[in-house]
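Have a look at the structure below, then the notes.
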Amino acid sequence: MSYIVFQNIEKYYGGNHILKKTNLSVEKGEFATLLGASGCGKSTLLRCFAGLEKVTDGKIFLDGKEITNINPRSRNVGMIFQQYSLFPNLNVYKNIAFGLKMKKMGKDTIHQNVKKAIKMVDLVGKEKQYPSQLSGGEQQRVALARCIVTRPKVLLLDEPLSAIDAKLRKSLQSRIKELHKELDMTSIFVTHDQDEAMTMSDTIHLMRNGVIEQSGNPFELYNSPKNSFAAEFIGNYNIFSGKDFSKLTSEKYKDKSDIVIRPELIEISNIRYPADEKYYDFFGTIKNIIPQGNIIRYSVESNNNFINIDVLNDEKDFYKVDQQVFFRVNKKSLLIYK
Amino acid sequence: MVKEKKYSIIIIRLILIVVFFAFWEWSATVKLYNPLFTSYPSEIFNDLIEFYISGDLIKHASITLREAFLGLLYGSVAGIVAGLVLGQFNALGKILLPIITAIHGIPQLTLAPVYILWFGLGIASKIFLAALMVFFHVFFSTYAGIQNVDNKLIESANLLGACKVQTLIHVVLPTSMPFILSGIRVGVGSSLVGAIIGEYIGASAGFGWMIAYASSFFNIARVMSCILILLMVGIFLNFFLDKIEEYLLRWRGTENLAIGNAKKSS
Chain A
302 MSYIVFQNIE KYYGGNHILK KTNLSVEKGE FATLLGASGC GKSTLLRCFA GLEKVTDGKI
362 FLDGKEITNI NPRSRNVGMI FQQYSLFPNL NVYKNIAFGL KMKKMGKDTI HQNVKKAIKM
422 VDLVGKEKQY PSQLSGGEQQ RVALARCIVT RPKVLLLDEP LSAIDAKLRK SLQSRIKELH
482 KELDMTSIFV THDQDEAMTM SDTIHLMRNG VIEQSGNPFE LYNSPKNSFA AEFIGNYNIF
542 SGKDFSKLTS EKYKDKSDIV IRPELIEISN IRYPADEKYY DFFGTIKNII PQGNIIRYSV
602 ESNNNFINID VLNDEKDFYK VDQQVFFRVN KKSLLIYK
Chain B
478 MVKEKKYSII IIRLILIVVF FAFWEWSATV KLYNPLFTSY PSEIFNDLIE FYISGDLIKH
538 ASITLREAFL GLLYGSVAGI VAGLVLGQFN ALGKILLPII TAIHGIPQLT LAPVYILWFG
598 LGIASKIFLA ALMVFFHVFF STYAGIQNVD NKLIESANLL GACKVQTLIH VVLPTSMPFI
658 LSGIRVGVGS SLVGAIIGEY IGASAGFGWM IAYASSFFNI ARVMSCILIL LMVGIFLNFF
718 LDKIEEYLLR WRGTENLAIG NAKKSS
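Each protein sequence line maps, in turn, to chains A and B. This note's numbering puts the first sequence at residues 302 to 639. This note's numbering puts the second sequence at residues 478 to 743.
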């Protein structure tokens with residue numbers, strides 16, 4: 302049995318069916334991510350695990366024991382929220398010491414553990430400051446220290462970085478990942494940001510409408526999306542209906558099928574490619590250019606279809622808006638969903 | 478810069494007070510109106526000295542202040558406890574809140590004679606009236622404070638191992654404190670009003686009785702002396718509350734600083 306098991310979890314909020322016989326397993330020491338759009342049930346699933354929401358039906362197991370009906374304080378799980386949720390009346394030191402104090406640990410043990418945790422999250426010198434005196438990033442680090450100091454069996458992170466600016470988010474992402482490894486914790490991370498999920502996770506569980514659509518490591522999810530939803534959510538894929546793609550390629554595809562192409566697998570050139578039956582060749586006009594740092598994304602119009610093409614930014618072969626270009630895609634790289 | 482501004486505000490305020498008293502004294506001396514109705518500062522000052530020397534000031538002040546203070550204490554404790562209980566148990570809150578609101582709607586002044594009937598002419602009836610007036614302010618603000626506590630804080634405390642009582646003591650009560658203190662601040666005024674009204678209606682001592690007694694003899698200087706002392710008491714109590722608030726809400730006081738320094742980097 303896996304370390305964490307969600308078994309046929311059902312959750313209703315009034316008439317709303319939030320979780321639909323959801324099944325999920327997480328191994329010990331794994332960094333698992335629940336990825337999905339707002340309202341897909343990912344946070345609810347996490348809250349059910351923490352005991353903050355009661356499941357309507359189904360069972361939850363942790364380390365071989367059923368915890369479905371155990372109250373939150375006895376589950377030994379730590380949780381970090383998006384809004385930091387630090388106790389505003391307690392300074393950094395007391396916030397971090399809170400969990401240990403509640404467990405009635407000795408003063409010396411508390412002091413040693415808190416000091417260690419403060420060091421781990423680089424907040425030495427800020428012990429006496431109140432949350433209102435800290436920046437968002439610092440507050441989230443206090444929240445992280447407050448959690449890990451109690452050595453929870455599982456660390457739950459409910460979109461903890463959503464309210465933090467992009468640059469700081471990156472450094473906190475790696476800090477969380479380092480701590481996860483350092484303390485050999487099992488973590489479940491909830492996010493709607495596919496890049497964040499890719500960067501941090503050992504396993505990603507993609508959710509839609511209360512159901513896990515696909516689980517796998519980041520490579521599996523990106524390279525082999527199970528359906529067009531997974532492809533669209535995880536990788537900015539180009540998705541065509543069979544009907545449109547048939548018009549583009551003059552080959553017959555089923556009208557209702559979805560043809561999915563990764564933008565970085567399309568080759569682009571200002572010269573016509575030599576005929577090769579392994580490839581589909583296209584011709585179009587560049588309508589938009591989106592620089593993304595290391596990658597340039599060209600949006601090309603061809604027969605009233607817009608296709609995104611990602612090209613490595615190697616400072617040569619720049620194309621201009623309204624320039625006519627040739628592009629091709631290997632037939633083998635197409636993903637077809639019925 | 479800020480300090481200079483603070484001093485100039487104090488100076489302007491003092492000037493206004495001095496000008497007010499000077500104009501009052503002058504207008505009474507030149508008989509712009511009949512000073513019998515308002516008395517005037519020098520007469521009030523002389524009365525205050527006489528009031529003090531005769532021992533009456535201490536006697537009456539101690540009675541009124543005792544009533545007001547005990548009323549404030551009992552009313553605040555009852556208000557906080559009731560607010561916490563009703564705030565914690567939602568169902569109970571839903572049942573009792575409309576009833577408490579309805580009772581609060583009754584002007585307490587109209588019930589003062591009833592309280593005197595219940596508790597007698599002594600200080601008990603005044604303490605009860607003062608406590609009741611304080612209770613409503615503190616209760617409603619405590620209840621609002623608890624409703625306002627961020628649920629995520631309670632969840633965090635719970636996940637960190639706190640039981641209901643620990644959560645109440647360490648999280649709910651301190652984070653509701655700004656609301657509770659603002660209720661007590663309003664309660665300070667109400668406790669004095671309660672004590673004075675009670676004394677007006679039926680008593681043999683206290684500032685309320687003294688004011689009623691002195692006005693029946695047109696001794697306006699004495700009435701003004703009593704009002705002036707009550708004013709001083711109010712100022713002192715508010716100053717005292719400011720200090721308590723400064724200490725208890727030191728975590729929030731820094732929030733303004735943090736907003737001021739919002740540009741600081743992380």
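Glycine included, each C-beta is placed from N, C-alpha and C at the ideal position. Quick caveat, the model's predicted, so the values are computed rather than measured.
- Contact check for Arg-729(B) against Pro-651(B) fails: the beta carbons are separated by 8 Å or more.
- Taking CB atoms only, Val-648(B) has a neighbour in chain A less than 8 Å away.
- The CB of Lys-404(A) comes closer than 9 Å to the CB of Leu-637, Gly-638 in chain B, given here in chain order.
- With three or more CB-CB distances shorter than 8 Å, the stretch 589-609 of chain A counts as touching the stretch 562-570 of chain A.
- Per DSSP, Leu-513(B) has no beta bridge partner at all.
- Taking the Cα of Gly-675(B) as reference, the smallest distance to any Cα among Asp-533(B), Ile-572(B), Glu-520(B), Met-610(B) is reached at Met-610(B).
- Check the Cα spacing between Leu-320(A) and each of Glu-328(A), Glu-354(A), Lys-329(A): the tightest is with Glu-354(A).
- Counting only runs of at least 4 residues, the stretch 531-607 of chain B fully encloses the following alpha helix (DSSP H) elements, listed from N- to C-terminal order: 533-565, 567-582, 585-596.
- Restricted to the stretch 385-457 of chain A, the alpha helix (DSSP H) segments that are unbroken, complete and at least 4 residues in length are 393-403, 408-421, 437-449, listed in chain order.
- Around the Cβ of Met-302(A), a 10 Å sphere holds fewer than 16 other Cβ atoms; the residue is exposed.
- In the same chain as Gln-383(A), and ignoring 5 residues on each side of it, the C-beta atoms closer than 7 Å to its own belong to Asp-459, Glu-460, Pro-461, Ser-463, Ala-464, in chain order.
- Gln-384(A) has a beta carbon lying within less than 8 Å of a beta carbon in chain B.
- Interface residue (Cβ-Cβ distance to chain B less than 8 Å): Ala-351(A) is classified as such.
- The C-alpha of Ile-583(B) is placed about 10 Å away from the C-alpha of Ile-577(B).
- The C-beta distance from Ile-513(A) to Thr-323(A) rounds to 6 Å, short enough to fall under 8 Å.
- With respect to the 8 Å criterion, Ile-489(A) and Val-450(A) are not classified as neighbours on the basis of their beta carbons.
- Nearest in C-alpha terms to Ala-608(B), of all of Gln-565(B), Gly-664(B), Leu-658(B), is Gly-664(B).
- Of the candidates Gly-511(A), Ile-535(A), Asn-510(A), the residue whose Cα lies closest to the Cα of Gly-517(A) is Ile-535(A).
- Counting only residues of its own chain and dropping the five nearest sequence neighbours on each side, Tyr-638(A) has a CB closer than 6 Å to the CB of Asn-528, Ser-529, Asp-559.
- Not one beta carbon of chain A lies nearer than 8 Å to the beta carbon of Thr-506(B).
- When C-alpha distances from Val-443(A) are compared across Glu-367(A), Asp-423(A), Lys-404(A), the shortest belongs to Asp-423(A).
- Counted as a single uninterrupted DSSP element, the beta strand (DSSP E) harbouring Asn-324(A) occupies residues 317-327.
- Of all residues in the stretch 391-403 of chain A, only Leu-391, Asn-392, Phe-399, Gly-400, Met-403 place a beta-carbon less than 8 Å from a beta-carbon of chain B.
- Identification of chain B residues near Tyr-581(A) by a Cβ-Cβ cut-off of 8 Å yields none; the smallest Cβ-Cβ distance measures about 49 Å.
- In the DSSP assignment, Pro-592(A) is bridged to Ile-597(A).
- In chain order, Asn-390 make up the part of chain A whose C-beta sits under 7 Å from the C-beta of Pro-651(B).
- Selection Ile-661(B), Ile-631(B), Leu-598(B) evaluated against Ala-555(B) yields Ile-661(B) as nearest (Cα-Cα).
- Ala-545(B) and Arg-490(B) have their C-alpha atoms spaced approximately 29 Å apart.
- Relative to Phe-541(A), the option among Leu-636(A), Lys-312(A), Asn-317(A), Leu-363(A) whose CA is nearest is Leu-636(A).
- Taking a Cβ-Cβ threshold of 7 Å, the residues of chain A close to Lys-629(B) are Phe-382, Gln-384, Ser-386, in chain order.
- In summary, the residues of the stretch 603-633 of chain B whose CB is separated from some CB of chain A by less than 8 Å are Asp-627, Lys-629, Leu-630, Glu-632, Ser-633, in the order they occur in the chain.
- Listed along the chain, the chain B residues whose CB falls inside 7 Å of the CB of Pro-461(A) amount to none; the nearest CB is some 12 Å away.
- When the alpha-carbon of Ala-680(B) is set against those of Val-558(B), Lys-571(B), Leu-594(B), Ala-568(B), the nearest one is in Leu-594(B).
- Close partners of Gln-643(B) in chain A (Cβ separation under 7 Å): Met-403.
- The beta carbon of Gln-308(A) is closer than 8 Å to those of Asn-324, Gly-359, Lys-360, Ile-361, Phe-362 in its chain, skipping five residues each way along the sequence.
- Listed along chain B is no residue with a C-beta nearer than 7 Å to that of Gly-315(A); the closest approach is about 17 Å.
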